[in-house]
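Undergrad:
Numbering (this note's numbering), first residue to last: 587 to 731.
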């Protein structure tokens, strides 16, 4: 599994590098800098505007064993698009811009709840909770809080 992740990341990096070189050769370095800066600023604006609330609501729903509502998933997809736009690269920018299209998000929202339910049922989605050192030591001593 780790090998596949590493190979995938290397392939993505090589693809991005080839696209960046092609972009510079076709449009010039200044155009690349303007493009990259613009998409990163759009991504930062989206992430700041939306904030962490969709992620918190998503985790909260899953903790309760429920599926998040469509509004939460839609906001989460927009947040993801913003985060992807911050990353440098032509392919990631295109993916982020595609995720901003309402029709694409709507299409994803058609099958996402079913996939999430299936993943929860199969145990693919596991939620872990960080505990402070104090809580962990209390638990080891048998304390119930």
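Cβ coordinates follow ideal geometry from the N, Cα and C atoms, glycine included. For clarity, every value in this text was computed on a predicted model and none was experimentally measured.
Can you give the beta carbon distance from residue 600 to residue 618, rounded, assuming they're within the 8 Å contact cut?
TA: Residue 600 to residue 618, Cβ: 18 Å. No contact.
Undergrad: When you compare only the Cα positions, how much space is there between residue 616 and residue 629?
TA: So the alpha carbons of these two residues sit roughly 20 Å apart.
Undergrad: In or out: residue 642 buried (at least 16 other Cβ within 10 Å) or exposed?
TA: By the 10 Å Cβ count, residue 642 comes out exposed.
Undergrad: Is there contact between the stretch 680-691 and the stretch 656-671, where contact requires at least three CB pairs shorter than 8 Å?
TA: A contact exists between the stretch 680-691 and the stretch 656-671.
Undergrad: Measuring straight from C-alpha to C-alpha, what distance separates residue 622 and residue 675?
TA: Between residue 622 and residue 675, the C-alpha separation is close to 7 Å.
Undergrad: For residue 710, collect the residues of the same chain with a Cβ closer than 6 Å to its Cβ; drop the 5 residues on either side in sequence, then sort them by chain order.
TA: Hits under 6 Å: none found.
Undergrad: Output the distance between the C-alpha atoms of residue 594 and residue 588, rounded to the nearest integer angstrom.
TA: Near 10 Å, if we compare the C-alpha coordinates of residue 588 and residue 594.
Undergrad: Output the distance between the C-alpha atoms of residue 655 and residue 596, rounded to the nearest integer angstrom.
TA: Approximately 35 Å, taken between the alpha carbons.
Undergrad: Within the same chain, show all residues whose beta-carbon is closer than 7 Å to that of residue 695, passing over the 5 residues directly before and after it, in chain order.
TA: Cβ neighbours of residue 695 beyond the five flanking positions: 656, 659, 660.
Undergrad: In chain order, what residues of the same chain have a beta carbon less than 7 Å from the beta carbon of residue 728, not counting five sequence neighbours either side?
TA: Interpretation of residue 728 is limited by its pLDDT of 47, a score under 50 that renders its predicted location unreliable; the figure taken from the coordinates is listed afterwards. Counting only Cβ-Cβ distances below 7 Å, and skipping sequence neighbours, we find nothing.
Undergrad: In whole angstroms, give me the CA-to-CA distance for residue 637 and residue 681.
TA: Spanning the two alpha carbons is a distance of roughly 20 Å.
Undergrad: What are the boundary residues of the alpha helix (DSSP H) that residue 679 is part of?
TA: Residues 676-685.
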